[in-house]
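**Q**
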Amino acid sequence: MTAYGLELDSIVFAYPDGERKTTASPSGDRLAGGGADTQSPPVLDGASLGVAPGAKVGILGANGSGKSTLLGIIAGLHEPRAGTVRVGDILVAKKTLKAARLRLGFVFQDPDDQLFTGSVYDDVAFGPRNAGLSDAEVRERVESALATVGIPELAERPPFRLSGGEKRMAAIATVLSMDPGILVLDEPSAALDPKARRRLIRLLSGLPQTVVIATHDLDLALDVCGRAAILHAGRVEAYGDSRAVLGDAALLERCGLEPPLSSGSCAICGRRP
Amino acid sequence: MRDPSRALAAFYSIDALARRHSPVHDRHPVALCATTAAFVVTAASFGRRDVSALLPLFLYPFVTLALSGLRPAELLGRVVAASPAILAIAALSPIFERAPVRVGPWILASGWLSCASIALKLALTVSAAFLLVATAGMGGVARGLRAARLPKLVVLVFQMTYRYVALLLSEVSGMARAHELRAGPRKGVGKTLWGPMLGGLLLRSYDRAGRVHDAMAMRGFDGEYRSGRDGPFGGLDAAYCTAWSAFFAAARFLDISGALGRAAGFIARGAAS
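Residue numbers (our numbering), protein chains in the order written: chain R, 15 to 287; chain W, 1446 to 1718.
1. Against Q128/R, what residues of chain W qualify as contacts under a CB-to-CB distance less than 7 angstroms, listed in chain order?
2. If you compare alpha carbons, which of A243/R, L63/R, G178/R, A61/R is closest to P125/R?
3. Taking Cβ-Cβ distances shorter than 7 angstroms, what residues in chain W pair up with E170/R?
4. With H, G and I counted as helix, E and B as strand and the rest as coil, what does DSSP make of R44/R?
5. Mapping DSSP to helix, strand and coil, what is S1672/W?
6. Let me know if D1700/W comes out buried or exposed under the rule of 16 or more other beta-carbons within 10 Å of its beta-carbon.
7. Based on the DSSP secondary-structure assignment, which residues constitute the bridge partners of F1693/W?
8. With a cut-off of 8 angstroms, do at least 3 Cβ pairs link the region 63-71 of chain R to the region 154-170 of chain R?
9. Count the other CB atoms, across all protein chains shown, that sit within 10 Å of the CB of H1473/W; report buried if there are 16 or more and exposed otherwise.
10. Going by DSSP, what residues sit across from H246/R in a beta bridge?
11. Going by DSSP, name the residue or residues bridged to E21/R.
12. Return the Cβ separation of R95/R and P194/R in integer angstroms, given the expectation that the two are a contact with Cβ distance under 8 angstroms.
13. I'd like to know whether the C-beta of F27/R is nearer than 7 angstroms to at least one C-beta of chain A.
14. Does A139/R have its Cβ less than 7 angstroms from a Cβ in chain W?
15. If you run the structure through DSSP and keep just helix, strand and coil, what is P1545/W?
16. Tell me which same chain residues have a C-beta within less than 7 angstroms of the C-beta of G19/R, skipping the five on either side of it?
17. When burial is assigned at 16 or more other CB atoms within 10 Å of the CB, is W1551/W buried or exposed?
18. Comparing C-alpha positions only, which one of V99/R, D233/R, A258/R sits nearest to L111/R?
19. Using a Cβ cut-off of 7 angstroms (strictly closer), state whether D1682/W contacts chain R.
20. Locate the alpha helix (DSSP H) running through A1593/W, then write down its first and last residues.
21. Among the residues of its own chain, which have a CB less than 6 angstroms from the CB of K35/R, if the five just before and after it don't count?
22. I need the straight-line Cα distance from S1615/W to A1544/W, nearest angstrom please.
23. If you run the structure through DSSP and keep just helix, strand and coil, what is F122/R?
24. What are the residues in the region 176-197 of chain R lying within 8 angstroms of chain W by C-beta distance?
25. Suppose you measure from the CA of L266/R to the CA of H246/R; what does that come to, to the nearest Å?
26. With a threshold of 7 angstroms between beta-carbons, can L199/R be considered close to chain W, or not?
27. At the 7 angstroms Cβ level, is V1657/W part of the contact set with chain R, yes or no?
28. Assign S1562/W to buried or exposed, taking buried as 16 or more other Cβ atoms, counted over all protein chains shown, within 10 Å of its Cβ.
29. For R1671/W, decide whether its Cβ has a neighbour in chain R, counting only Cβ atoms nearer than 7 angstroms.
30. When DSSP builds the beta bridges, which residues end up paired with A228/R?
31. Rounded to whole angstroms, what's the CA-CA distance from C283/R to P1641/W? Just pull it up for me.
32. Under 8 angstroms, with one C-beta from each stretch per pair, do the region 1479-1495 of chain W and the region 1686-1701 of chain W reach the 3-pair mark?
33. Here's the rule: buried if 16 or more other CB atoms are within 10 angstroms of the residue's CB, otherwise exposed. What is K70/R?
34. Leaving out five residues on either side along the sequence, give the residues of the same chain with a beta carbon under 6 angstroms from the beta carbon of V252/R.
35. Per DSSP, what kind of secondary structure is G254/R in: helix, strand or coil?
36. With a threshold of 6 angstroms, establish whether the CB of G1715/W neighbours any heavy atom of the ligand NAD.
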């Protein structure tokens, strides 16, 4: 496995139906070009971000700030109006999409979107089989991925019978089995209980891949990610060391976020961590 | 109203059955598909008033059931579920075919023979179809269809339709629960809600299908659904296919029922004298 870097340069994106996904509107009428959606305000308006190979980066922002959209652009699910994405040395475009996706593991916000076959084993094996690996290699990859996420005993279970935490781990296993160099996760801690969340944090912290996480869970970002980027009004408002970014109360307030719980004082003794 | 989540569980239970191992499950899916096709063609080729000649064909579902380790209840449940359709088709025969025929000591309308023949043929083919899906799995069936030179696109549509049913059931399950919890004492869905609910279901399932497709594309899906049962076609597979085909040919062209009847009569007479 080779960890790859990621480079997003001046990304501009608007949904074709003109639906505004952000609450605070940037200058939407600045876009050039024709088409029915020329006037639609962009969700992302010049967002740039560089992620070093092996780094763990949290993408943060209020509801509708464009976090999921940004991840979709990284994965080639959305095509930006302007700007470029590089996965390692590959410039993401229609022709290079397949090669770029081989380096990228994308974990969707809803694990049910990712688990569509009749068993966890088949779901985890789906990627390696598409890569043309032999049955023995597929089995090896599946067993290794399930062991990494700690659910080897669930291999034969139908995904719809799993708990939320188990589904999340299975969804992560489905991309780990493809041995990606970059892992992109959309709201990985959503709907997890504290124990499952702690397990997820341990798992993500120990992965050797480059990890990009879009999340509302600022504490998870603080625990897992060395660096954090805050999206606001279609742009990357701040990007740097997680503790510095998440410790800036004025910045968080301006971007519609609240400080992470772990940075507050103890409700019982009043001490700060 | 039947709980849609139970229907979803029943749907996925077929996948679970196909993941077992047995002398039948371990056969190459192409061998299983070819045997089933030969069986269905044989059953359909009997005359419309053949009843006793069809009886030897029941050996196939009985032996397959025994070798595969499937419970008879699993097969009977499916045949019973299909029985209203089977009986509805068969029951028309006595109405339209009134010519008298002698059956042993009785004289009946010939339509009753047609009715019995149609019911037996449908029960046999429903059993064979279920046994095929429960041993080869839908992936195996698709593999068989591809081996029969059906276009990739047709097979893909078949597989995706199967998966879409699961997705649709899961959406129906969520909507039905949401409706039930707010419907108060009213039973069922009121006529005024049929349109909005069906429209909502279509849009939701369409969106979800799009996300599932994205998840598949992210893991290298290129239009060919690989089920993992792509091993080589071996000697045992050929023997399985040949043995059953020989039996079907014997059942079709030799009067096995008559021979057995005569042999039983001979033995009975010998015992009496």
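Ideal Cβ positions, reconstructed from N, Cα and C, are used throughout, including at glycine.
**A** This is what the structure holds:
1. In chain order, A1660 make up the part of chain W whose C-beta sits under 7 angstroms from the C-beta of Q128/R.
2. The shortest Cα separation from P125/R among A243/R, L63/R, G178/R, A61/R belongs to G178/R.
3. Listed along the chain, the chain W residues whose CB falls inside 7 angstroms of the CB of E170/R are R1464.
4. Annotation note: pLDDT 37 at R44/R (below 50); position unreliable, no value reported.
5. In the structure shown, the three-state DSSP call for S1672/W is coil.
6. By the neighbour-count criterion, in which 16 or more other beta carbons inside 10 Å mark a residue as buried, D1700/W falls on the exposed side.
7. According to DSSP, which records beta bridges pairwise, F1693/W is partnered with nothing at all.
8. Contact between the region 63-71 of chain R and the region 154-170 of chain R is absent, because fewer than three Cβ pairs lie under 8 angstroms.
9. Burial call: buried.
10. R249/R.
11. Per DSSP, G64/R, R100/R.
12. Going by Cβ atoms, the distance from R95/R to P194/R rounds to 27 angstroms, so no, they are not a contact pair.
13. Among the chains of the structure shown, chain A does not appear; the protein chains present are R and W.
14. Closer than 7 angstroms to some Cβ of chain W, the Cβ of A139/R qualifies, so yes.
15. Reduced to three states, the DSSP call for P1545/W is strand.
16. So the list reads V65, A66, P67, G102, T224, once near-sequence residues are dropped.
17. By the neighbour-count rule (16 or more Cβ atoms within 10 Å), W1551/W is not buried but exposed.
18. The shortest Cα separation from L111/R among V99/R, D233/R, A258/R belongs to V99/R.
19. Using a Cβ-Cβ cut-off of 7 angstroms, D1682/W does not count as an interface residue toward chain R, since no Cβ of chain R sits closer than that to its own.
20. Counting along the chain, A1593/W falls outside any alpha helix (DSSP H), and DSSP gives it neither H nor E.
21. With a pLDDT of only 47 at K35/R, under 50, the local geometry of the prediction cannot be trusted, and the value read off the model is given with reservation. Within the same chain, K35/R has close Cβ partners V57, G78.
22. If you take the alpha carbons of S1615/W and A1544/W, they lie about 51 angstroms apart.
23. The answer is coil: DSSP assigns F122/R none of H, G, I, E or B.
24. Residues passing the 8 angstroms Cβ filter: T188, V189, M192.
25. Take the alpha-carbon of L266/R and the one of H246/R: they are about 10 angstroms apart.
26. Closer than 7 angstroms: no.
27. Flagged as an interface residue toward chain R: V1657/W, by a C-beta distance shorter than 7 angstroms.
28. By the neighbour-count rule (16 or more Cβ atoms within 10 Å), S1562/W is buried.
29. Yes, contact with chain R.
30. DSSP, once it has assigned bridges, lists I73/R, D200/R as partnering A228/R.
31. The alpha-carbon separation between C283/R and P1641/W amounts to approximately 54 angstroms.
32. Three or more beta-carbon pairs drawn from the region 1479-1495 of chain W and the region 1686-1701 of chain W are found closer than 8 angstroms, and the two stretches are therefore classed as touching.
33. By the 10 Å Cβ count, K70/R comes out buried.
34. It should be noted that the sequence gives Ala, not Val, for residue 252/R. Residues of the same chain with a CB within less than 6 angstroms of the CB of A252/R, apart from the 5 flanking positions on each side, are I244, V259, L265 in chain order.
35. G254/R: strand per DSSP, three-state reduction.
36. Absence of the ligand NAD is noted for the structure shown, with no ligands found whatsoever.
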